[in-house]
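2 protein chains.
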Amino acid sequence: MEKIFEQGLLYDFYGELLTEHQRSIYEDAVFNDMSLGEIAEENGISRQGVHDLIKRCDKILHEYESKLHLVERFSNAKEKIGKIEKLTVITESGTDITERLEGIRQLSEELLAEL
Amino acid sequence: MEKIFEQGLLYDFYGELLTEHQRSIYEDAVFNDMSLGEIAEENGISRQGVHDLIKRCDKILHEYESKLHLVERFSNAKEKIGKIEKLTVITESGTDITERLEGIRQLSEELLAEL
């Protein structure tokens with residue numbers, strides 16, 4: 001997974017568990033694409049301080065994921081829901097409707113068991 | 001929500017964030033239906049200690065939910081998936097198939113946006 005994408009997903013799930021200060025700096029670095037120098041100046045801390053804080057946040061977010069596996073669980077669920085959605089699209093070639101509904105039923109059962 | 005059911009859901013999501021000691025005692029009280037006295041004796045702590053620990057765990061689990069809302073998000077998702085599953089069941093009276101597929105498509109889109 002591309003790093004910035006992974007950071008975004010992890011932050012989306014666990015960002016609320018960081019402190020406000022951590023969130024502010026992490027967002028500037030990861031989402032607002034600011035340089036370490038810019039963030040350091042804005043917050044009155046050293047570049048090294050900013051660097052360490054971001055690394056620490058990455059570590060915290062990964063630790064939560066290793067315990068709760070939410071990114072993983074939600075990704076799996078989204079994949080299955082995407083498959084369900086595709087099965088609702090009627091194409092010219094027209095797959096058997098009963099088969100589609102059965103496919104959707106199976107996927108939703110799997111989802112209910114996993115979520 | 002019935003308390004023990006709510007505790008179960010919260011524990012299911014956030015239990016891994018408690019310490020092993022907290023988990024062990026919380027499980028005995030909430031899932032193994034042991035009395036405070038039994039747990040106290042087994043762990044060599046006072047009944048009051050057990051009581052306080054369980055209360056503290058409840059508080060921690062609720063705090064995580066107030067920040068991450070996972071129980072809420074998953075409950076909503078499960079409800080919609082349940083609706084999808086129902087729409088796959090073909091009844092005698094036979095609702096219009098195109099309508100069913102459209103209903104399923106809408107629900108899956110909502111799910112993808114929310115998850």
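Those protein sequence lines, which keep their order, are chains A and B.
Numbering (this note's numbering) for the first sequence: 1 to 115.
Numbering (this note's numbering) for the second sequence: 1 to 115.
C-beta atoms are modelled at their ideal positions from N, C-alpha and C, and glycine is treated no differently.
Proximity below 8 Å, CB of residue i to CB of residue j
i, j, result
"residue 108/A", "residue 84/A", "yes"
"residue 30/B", "residue 49/B", "no"
"residue 110/A", "residue 78/A", "no"
"residue 36/B", "residue 51/B", "yes"
"residue 115/B", "residue 70/A", "no"
Residue i at chain A interface by Cβ criterion, 8 Å
i, result
"residue 3/B", "no"
"residue 111/B", "yes"
"residue 108/B", "yes"
"residue 56/B", "no"
"residue 146/B", "Examination of residue 146/B is not possible in this model, given that chain B is present from 1 through 115 alone."
"residue 70/B", "yes"
"residue 101/B", "yes"
"residue 6/B", "no"
"residue 97/B", "yes"
Whole-number beta carbon distance between residue j and residue i, since they are thought to touch under 8 Å
i, j, result
"residue 25/B", "residue 68/B", "The Cβ separation is near 23 Å, so there is no contact."
"residue 157/B", "residue 28/B", "This structure cannot speak to residue 157/B, because chain B is shown only from 1 to 115."
"residue 97/A", "residue 97/B", "6 Å"
Contact with chain B by residue i, beta-carbon distance below 8 Å
i, result
"residue 90/A", "yes"
"residue 23/A", "no"
"residue 82/A", "yes"
"residue 31/A", "no"
"residue 65/A", "no"
"residue 17/A", "yes"
"residue 115/A", "yes"
"residue 85/A", "yes"
"residue 104/A", "yes"
"residue 77/A", "yes"
Close-in-space but distant-in-sequence residues of the same chain around residue i (CB under 8 Å, 5 per side omitted)
i, result
"residue 74/A", "13"
"residue 56/B", "22"
Same chain, Cβ closer than 7 Å to residue i, neighbours up to 5 away in sequence not counted
i, result
"residue 23/A", "15"
"residue 34/A", "28"
"residue 76/B", "114"
"residue 47/A", "36, 37, 40"
"residue 60/B", "18"
Proximal residues to residue i (C-beta, below 6 Å), its chain only, five neighbours per side dropped
i, result
"residue 99/B", "none"
Is it true that the stretch 17-29 of chain B meets the stretch 54-65 of chain B, where meeting means three or more beta-carbon pairs spaced less than 8 Å apart? yes
Does the stretch 70-84 of chain B come close enough to the stretch 99-108 of chain B that 3 or more CB-CB pairs lie under 8 Å? Here the stretch 99-108 of chain B makes contact with the stretch 70-84 of chain B; the two share three or more CB pairs at distances below 8 Å.
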